[in-house]
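Peer 1: First the structure, then my questions, so here it is.
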Amino acid sequence: MSGSAIVLVVVEQHGGTLRASATALLTAARALGEPQAVWFGAEPGADALAVLGAHGARVVHVVPGGDAALPDAVAAGLAELAASAGADVVLLASGFGAKEVAARLALATDAALMVDASAVERGADGRVVTTQQAFAASWTLRSAALADRAVVTMRSNAVRAVPLETSVTPEVATVAALLPGDGRVRVVERTTRPTSDRPDVGEATVVVVGGRGTQGDFSPVEDLADALGAAVGATRDATDEGWMPHEAMVGQTGQTISPRLYVGAGVSGAIHHRGGMQASGTIVAVNADPDAPIFEFADFGVVGDLFEVLPQAAAEIRRLRAEG
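Dropping the structure here:
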């Protein structure tokens, strides 16, 4: 731990349940200083507080009320909190909304902005140094902050969550409700997102991704995912066509994933998609085109019609599981 430096960690939660990124970020923060969690919403329950304390959060700043859907309001609230807590680093999980918050926060606090980090540490001068992957993970680069303060977003699954040997009991500090931001953006309508029993694509250990080869029919992809207990992802082509929601997109401009098992169905393996999944443990490709680029870096490849291969695989997986 670097002196008494304070590191704010924005912990994501849904309905009071922590996302996996929360404990991973707290683990990363312990290498930088004293982690303090920032929780947007109603006060966390005892179970969530116990998990936060087990991973090093000595203080949990609870920000109730306001509208956490507005990046400008969240950034303004974090800027005030960072100043009052004396934090020189703010960590967030990489994501579309989080990156916008991070950019606004860095601008408001005159901090260095470092996105999609896979590792984070302090340099000899005490400033933040991050490691990132570039050009479809063919290059690894290190970036050093040129400012005393830094705002960092970290890739999903980049850090393995490791609890403390002896957990701490967090102090809960309720702070002012979210500021209204600059007022130029407001929520005019809310649509309830369909619920799913599938894991989140950014945190899942097994992901099945469909591409243009699905021709818009994701039913074989979803069926195989359900047989595996996996998340469902999509390529940029599939989301651009409107076949899948944008948040399911895996790639350089979408989610960066590193599951233990990745299955690509009808995925060509273009470089922008490769950059978002190449860190996967085992890569399986199913494509009718034997010259598809994905076969160049896949661990296992099946040249065939995904509408025949995937249902057979799903049926066999279910049969084997039924037999125990």
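Residue 137 in the working numbering sits at position 128 of the sequence shown, and the numbers go up by one each step. For every residue, glycine included, the Cβ atom is placed at its ideal position computed from N, Cα and C.
(1) By the 10 Å Cβ neighbour count, where 16 or more other Cβ atoms means buried, how is F144 classified, buried or exposed?
(2) By Cβ distance, which residues of its chain are closer than 6 Å to M13, with the 5 residues on each side in sequence left out?
(3) Quick check on the DSSP output: the alpha helix (DSSP H) that includes Q321 runs from which residue to which?
(4) Ordered along the chain, which non-local residues of its own chain (more than five positions away) have a Cβ less than 7 Å from that of M10?
(5) Looking at the secondary structure, which residues open and close the beta strand (DSSP E) in which V83 lies?
(6) DSSP has I292 in a bridge; who is on the other side?
(7) By the 10 Å Cβ neighbour count, where 16 or more other Cβ atoms means buried, how is Q261 classified, buried or exposed?
(8) According to DSSP, simplified to helix, strand and coil, what is R164?
(9) Closer than 7 Å by C-beta to A323: which residues in its own chain qualify, once you throw out the five before and the five after it? Chain order, please.
(10) Ignore the nearest five residues each way along the sequence and tell me which others in G310's own chain have a CB closer than 6 Å to its CB.
(11) Terminal residues of the continuous alpha helix (DSSP H) containing M286?
(12) Does the stretch 193-203 come within contact of the stretch 136-156, defined as at least 3 CB pairs closer than 8 Å?
(13) So what does DSSP say about S11, is it helix, strand or coil?
(14) Which term fits V9, buried or exposed, when burial requires 16 or more other beta carbons within 10 angstroms of its beta carbon?
(15) Under a three-way DSSP split, which group does P302 fall into?
(16) Do you know whose CA, among A128, A185 and V110, lies nearest V71's CA?
(17) Specify the secondary structure class of E43 as computed by DSSP and reduced to three states.
(18) Mind reading off the beta-carbon distance from S267 to A301? Whole number of angstroms is fine, and I expect it under 8 Å.
(19) Is S152 helix, strand or coil by DSSP?
(20) Rounded C-beta distance between L100 and V161? I'm assuming under 8 Å.
(21) With contact counted as at least three CB pairs below 8 Å, one residue from each stretch, are the stretch 108-125 and the stretch 43-57 in contact?
(22) The alpha helix (DSSP H) with D125 in it runs from where to where?
(23) What residue does the alpha helix (DSSP H) around G242 start on, and which one ends it?
(24) Report buried or exposed for W148, applying the criterion of at least 16 other Cβ atoms within 10 angstroms of its Cβ.
(25) Quick one: residues in its chain with C-beta nearer than 8 Å to the C-beta of G220, no 5 flanking neighbours on either side, listed in chain order?
(26) Measure the C-alpha to C-alpha separation of V334 and V18 and round it to an integer number of angstroms.
Peer 2: According to the data block:
(1) exposed
(2) Correcting the residue type first, residue 13 is Ser in the shown sequence and not Met. Closer than 6 Å at the Cβ level, and outside the excluded window around S13, lies no residue.
(3) L315 to E332
(4) Low confidence applies to M10: its pLDDT is 43, below 50, so where it sits in the model is not reliable enough to give any reading.
(5) Not the beta strand (DSSP E): V83 falls in the alpha helix (DSSP H), residues P80 to A94.
(6) Y271
(7) buried
(8) coil
(9) D232, L233 and A236
(10) A294 and F304
(11) I280 to M286
(12) no
(13) Only weak support exists for where S11 lies, its pLDDT of 44 falling under 50; the value from the coordinates is given anyway. Three-state result, S11: coil.
(14) This structure gives no information on residue 9, because the portion of the chain shown stretches from 10 to 333.
(15) helix
(16) A185
(17) strand
(18) About 22 Å separates the two Cβ atoms, so there is no contact after all.
(19) strand
(20) 5 Å
(21) no
(22) First-last for D125: A121 to A126, but that is the beta strand (DSSP E), not the alpha helix (DSSP H).
(23) Where G242 is concerned, there is no enclosing alpha helix (DSSP H), although the beta strand (DSSP E) it sits in stretches over A240 to A243.
(24) exposed
(25) A243, T244, D246, A247, G273, A274, G275, V276, S277 and H282
(26) Because the chain here runs from 10 to 333, residue 334 falls outside it and cannot be looked at.
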